[in-house]
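Protein chains in written order, with our numbering: chain X, 1 to 314; chain L, 1001 to 1657; chain Y, 2001 to 2242.
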Amino acid sequence: MTATEATVSADAQRREPNHGLRIFLIWLPVALAADLIIWFVWGPHMPPGDMSSSASSQQFDINVMAVMAAPVMAFILIYAGYALVVWRHREGDEEDGPPIHGNTRIAATWIGVTAALVLGLFVFGTVELVVPAGAGSGEGNTPIWKPSGGTPLQVQVIGQQWRFTYRYPQFGGFETTSLVLPVGENVQFNVTSLDVIHSFWAYQLGVKADANPGINNVAYTKPEHTGQVQVRCAELCGLWHADMTTLGHVVSDSAFSAWASAAKTQLAALTRNLPPYALTYDPNSVAQLGKAFRQAGLSGAGGQYYGPQYPVQP
Amino acid sequence: MAIDIQPDRAEAPGGRGPGAPRPARAWWLRPAIHTGIIGAVLGYFLGHWLGNYIASGYSQVVNSGQNDFAIILGYALGTVGWLAGLGVFNDLGRQIAGRPIHAEQEVQAASSGLARYFRYSLDHKVVGIQYLVGMIGYFLTGGLLAMAIRTELLSPSYHVFSSATYTAIVGEHGTMMMMMMSSIILGPLGNYLVPLMIGSKRMAFPRIEALSFWLTPAAYIVLLSGLMFGGFPFGWTGYAPLSVQATQGADAYAVAFGIMGLSLILLGFNLIVTIICYRAPGMRWSRIPIFVWAIMTTSFLMVLAAPVLVGAMYMLITDRTVQTAFFTDSLGGSSYLWQNLFWFFGHPEVYILALPGFGIVCEILPVFCRKPLFGYRVAAAGMVGVTLLSFFVWQHHLFDSGINPDMRPVFMLTTELISIPTGFIFLVGLGTFWKAKIRFTVPLLFALGFYFNFLIGGISGVFLSDVPADTTEHGTFFVMAHFHYTIMGGLIFAFFGGLYYWLPKIMGIRLNQTLGKIHFWTMFVFFNSTFLPLFAVGMAGQPRRVYTYARSLETLNDWVSISSFLLGVSILIFLANFVYSTVIVRVREEGNPWRSRGLEWQVASPPPPGNFARVPVVLSGPYEYGVQDAPPVADLDPPLGVLSNADASVVTEGAEA
Amino acid sequence: MLIRARLENFRAGARWWLVSLPARVATLTVAFLAVVGGAIFVVAHYLLGGPPTVDFTAASSGQVNMTIQSDASSNPAVVPDHPTWVSYFIKSPATGSWVHTTLFQVPAHTRINVTILGYDGSTPVRNQVWGRVSGTIGGIARYSGTPVQTVNGWNGPYLIQHTFAIPSLNLNVPVEAGPATCTTGPCTNNAHSTTKFSFVTPAQPGAYRWQCFVPCGLSFLYGNGGPMQTIGYMTGNMQVVS
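Right under this line is the structure:
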């Protein structure tokens, strides 16, 4: 190379803009703006709201993750947009691009950053799951993250095709189709099913626990504001899955006590007919039910899958 | 061994023995689809009759009015009859009888004509095209079902379909897509291109490959026949005990999924052996195209995960017919057993759907950026990492189910970890863009669409992996939006990109590029306008698989429905383009229109029978764009004698990568 | 040479692009129409069909009287699909004949007087909650004239065969068990139980599902399959029109 050519190529190299810096400078304000809007403007309205302790905890989680996701998405989109504009093929240029096979430093940085983000999210998610007593999710029949402060209000949610019913063991065990909860008290939902898998989802309370037959699934929450709770079934359970809805109410302590004692009296005749309160109701174990089936001579219906000609049940 | 020794002189008239010309028979006498249909019908009636003969006296059958035993036996024997009619077992029978099989001549003689596409062909290129047509057909059927779903969701109060029909349609759509689209890339593009890309003249197991294809129409018909029986009310996930409780349509689901599971196992197995054992000399692991890495990792997923699915379906069938109680809690089983078995398959399944898309995109990018793939080893490591980790994350589908509570942080960790290798694809893509010379051809547009959609899909997956957030999002349209973004926005966009890219190679004709761009832009815009609002719909509280919803969400649902109809129109644009370009106007595309360095582009379009005249010797990797004095990717006419003692690990001169 | 080879190929059914363009277009059009026709047939026949809707909106007296019956199984001539399934039938107000359907249409904000003739035997309800009458006028139902409020479906004195429930109106009425003498519905002359109750339809028009809560689907797991999940048998829709 002659001296002139060397100077020309060096000039060309110096005139090559610093693409990385440019991308960073475009990204920084966009990411900051997005994060601020997400946290301050959108955040307080993020689903599922803050009507209960678990709902607020979930809302906080989603906000934090959105704030972390926005800069990542912004970076990738801005980089790609920049590349597609700046490095697009110019008409008449039939040359190939520079033969860059890889860059160990960049790859290592990328892996390190993504790993740090992801592991940080894991720690954050675990803390947010453990601290708010399970954050409203169903913990199975041996829950390990429980709220402090004594025994919570017990509400048994019984899922059946296709309606949820609620049983209050601390008030004599009456069973009702309406869900009423007192504000400011820990609530323990014991969710079970009588037939197929349903899922008890109280949207504003941020509670979701699958209802499995023969299994007790426990979820905790603490309603913090009064209002309406939309309960839906969140696991496809057959024909009327979409219609398994309840409009629940969170009311003041005194209103709840009044309602509970009124219901207890009104439903007293029904409560005498109900089996004793249990965490699951297996057709084979509920004594009166089994007896009633046998008396009626039933084979296939009512959950007795083996006909009377099979003497031995497994 | 009673091998019949024939006179050696095969060339003599009437001579028999290997090498003798087979007498050509008329097309309707040779096994093909028409004999397959006859076999299927006969098999179905035989199975149905057998089932009735055995089980019609059972009290379960009498009381419920349905004989699941007969239906399932009918489907099973119908499938066997279909395969027998196609001639799948003919060679096997010949070998058992000690008679010669005429495989090689079959390939040569069948090298022309449209009829070979309707036969049990052993040529991997023919099987690839059969898969292509089949997969497009299955995709369109699933798409029609999706249109029906969105029609119903236009209004929460006016119902076009009854609740039962709607739930059946949802189940059919989901199962059709998830079941059949597992093979949408490995079947057509994997089977067609892998031998060409690794320098092989053939596949390892041509009969297994063809069998894996011919099982798919059987699965398709069986699944659709479920609609005749009233469909199945449990979606594609088939949760027991609802699936045990369901009426006859559930048998179609179980059998179809079982058949397709078999097809997946066979497809993957053949590809793995081919890639490991049939690479040309010089085709080292560091030189195989990244698409082949994706195919191989996906094939491992298929081979390892699909057997669990087949086992689960078998248990479901026995629960429904012979009253086992695998999934019945009150009789000693567990409803969790199904969930775990299904999702142990189900999670690798979604990576079966995602990984080939990664492969296609990484394959397309270097060609249209005219640069080597940035971080080839990182991309391959990412795919291998995804494959390994995908077996350890399945319980994130069960976060709220009541599983052991301390399992949930464990699976939260593994699910978060799997996003690291998934992110490598973005690193590779962004690195390839750096200082490239990007040409906006139709394949590249689809690759860009893939990146955009998968970004949204992947990030929403991170939202779902967080257990507290998942408590609100699980079972809602948020999940729906997430997986449609990753699967449709990822896989299907990549499929179309790969199709536009490789169709000149496969058929020697080019798709109309203007229509292709219209297809891309309409599909991209309407896809996003359909599925982006669904994140909001889900967060606002609409569960999945519901035919009615809160009135306040009607406007959003209407927007989504109208967008989805327009999305359907964009797919029709593709179909019109495809049919127009392949059937009506065939614009010949010779050679290498994209100027790609891939080995598959160095042979004629379409490739001759046997792919290469002689097995090539590979001299360098396929991504050496911009490298000064890069050697050609392969020597297609190697000197004689090179191939004795040669295998894929032969070190050849030339570029290191 | 070349021509003969091509002709041979063509005769062997080979190169199809020797077929002319109009022939290709024609084949494609026929295939396309066949596929579209097939899809329309599937939609119309399998997806859009359903049982008929019995119309009660023509009532002139401001009240609607509805009579339905429940049967253990049906006459195969009347119900060809699933004669062994339990089923409801609705009596058409216009013709007086029994229609095999569970879809009916009523005017909004109207009192409906329902009479259920129960021809089936007894099946214990799985959840005793559904033995309690709710949502009716007066909060009671009448079994052959006797008012009942809470029925013990397991021990009696009244046993249950099915329930008539419209969950979104919180309506639930257990139907008294009958002597089960008739197994080929719709029945007319056999002994049966009679359950009567009344309720008021809501003001908001729309579809309100109704179902039975007794697991009476014989040989289906947990008894909730088959007729319990098939419209036209044990579950259906009440269409309220304004």
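Each residue gets a CB set at the ideal place from its N, CA and C atoms; glycine is no exception.
Please tell me whether residue 288 of chain X has its Cβ less than 7 Å away from any Cβ of chain Y.
yes
Apart from the five residues just before and just after residue 2225 of chain Y, which ones in its own chain have a Cβ nearer than 7 Å to its Cβ?
Same-chain partners within the cutoff: 2217.
Residue range of the unbroken alpha helix (DSSP H) whose run includes residue 73 of chain X
53-86
Chain L contacts from the stretch 2032-2056 of chain Y (Cβ-Cβ distance under 8 Å):
2039, 2042, 2043, 2046, 2047, 2048 and 2050
Given a limit of 7 Å on CB to CB distance, which residues of the stretch 160-182 of chain X reach chain Y?
So the close ones are 160, 161, 162, 163, 165, 175 and 177.
From the beta carbon of residue 1164 of chain L, is the nearest beta carbon of chain X less than 7 Å away?
It does: the Cβ of residue 1164 of chain L has a partner Cβ on chain X nearer than 7 Å.
When DSSP builds the beta bridges, which residues end up paired with residue 233 of chain X?
Beta-bridge pairing by DSSP links residue 233 of chain X to X:200.
Quick check: the stretch 1540-1560 of chain L against the stretch 1581-1595 of chain L, are there 3 or more CB pairs under 8 Å?
no
So is residue 1383 of chain L buried or exposed if we call it buried at 16+ other beta carbons inside 10 Å?
buried
In the structure shown, what three-state DSSP assignment does residue 1063 of chain L receive?
helix
Is residue 242 of chain X close to chain Y, meaning its C-beta is less than 7 Å from at least one C-beta of that chain?
no
Between the alpha carbons of residue 1316 of chain L and residue 1178 of chain L, how many angstroms are there, rounded?
19 Å
Let me check understanding here. Comparing Cα to Cα, which of L:1402, L:1300 and L:1227 lies closest to residue 137 of chain X?
L:1402
CB of residue 1251 of chain L within 7 Å of CB of residue 1459 of chain L, strictly:
no
Look up residue 2070 of chain Y in the DSSP assignment and say whether it is helix, strand or coil.
strand
Can you give the Cα-Cα distance for residue 1059 of chain L and residue 2219 of chain Y, rounded to whole angstroms?
8 Å
Cβ atoms of residue 1450 of chain L and residue 1490 of chain L: under 7 Å apart, would you say?
Result yes, Cβ atoms of residue 1490 of chain L and residue 1450 of chain L sit closer than 7 Å.
Does the stretch 1156-1167 of chain L touch the stretch 1207-1224 of chain L, meaning 3 or more C-beta pairs lie closer than 8 Å?
no
CB contact flag (residue 71 of chain X, residue 1435 of chain L, <7 Å):
no
When you compare the CB of residue 2237 of chain Y with every CB in chain X, is at least one pair closer than 7 Å?
no
Measuring alpha carbon to alpha carbon, tell me which residue in Y:2095, Y:2178 and Y:2060 is nearest residue 2112 of chain Y.
Nearest of Y:2095, Y:2178 and Y:2060 to residue 2112 of chain Y, Cα basis: Y:2060.
If we ignore side chains and look at the alpha-carbon of each, how far apart do residue 1581 of chain L and residue 2026 of chain Y end up?
16 Å
Span of the alpha helix (DSSP H), counted from its first residue to its last, around residue 1517 of chain L:
Per DSSP, residue 1517 of chain L is one residue of the alpha helix (DSSP H) stretching across 1513-1539.
Hey, is residue 1504 of chain L's beta-carbon within less than 7 Å of any beta-carbon in chain Y?
no
Counted within 10 angstroms of its Cβ, other Cβ atoms place residue 1437 of chain L as buried (16 or more) or exposed
buried
Is the Cβ of residue 2013 of chain Y closer than 7 Å to any Cβ of chain L?
The predicted model places residue 2013 of chain Y with a pLDDT of 42, which falls under 50 and marks its position as unreliable; any figure quoted below should be read in that light. Closer than 7 Å: yes.
Does chain X have any CB closer than 7 Å to the CB of residue 1471 of chain L?
So yes, residue 1471 of chain L belongs to the interface.
Extent of the continuous alpha helix (DSSP H) run through residue 2081 of chain Y
Careful: residue 2081 of chain Y lies outside any alpha helix (DSSP H) and carries neither H nor E.
Can you round the beta-carbon distance between residue 2178 of chain Y and residue 2204 of chain Y to whole angstroms, since I take them to be within the 8 Å contact cut?
Actually they do not touch by this definition, with Cβ atoms about 35 Å apart.
Are the C-beta atoms of residue 102 of chain X and some chain Y residue less than 7 Å apart?
no
Which of the three DSSP states is assigned to residue 1624 of chain L in this structure?
In the three-state reduction of the DSSP assignment, residue 1624 of chain L falls in the coil class, being assigned neither a helical nor a strand state.
With DSSP as the reference, label residue 249 of chain X as helix, strand or coil.
strand
Would you kindly work out how many angstroms separate the C-alpha atoms of residue 1344 of chain L and residue 1310 of chain L, rounded to a whole number?
When rounded, the separation of the alpha-carbon atoms in residue 1344 of chain L and residue 1310 of chain L is 12 Å.
If I'm right that residue 1236 of chain L touches residue 1324 of chain L with Cβ under 8 Å, what's the distance once you round it to whole angstroms?
In fact, because the Cβ distance is near 23 Å, the residues do not count as touching under 8 Å.
Under 9 Å by beta carbon: chain L residues contacting residue 2108 of chain Y
Ordered by position in chain L, no residue passes the 9 Å Cβ test against residue 2108 of chain Y, which lies about 13 Å from the chain.
Following the continuous alpha helix (DSSP H) through residue 1409 of chain L, name the residue where it begins and the one where it ends.
1407-1433
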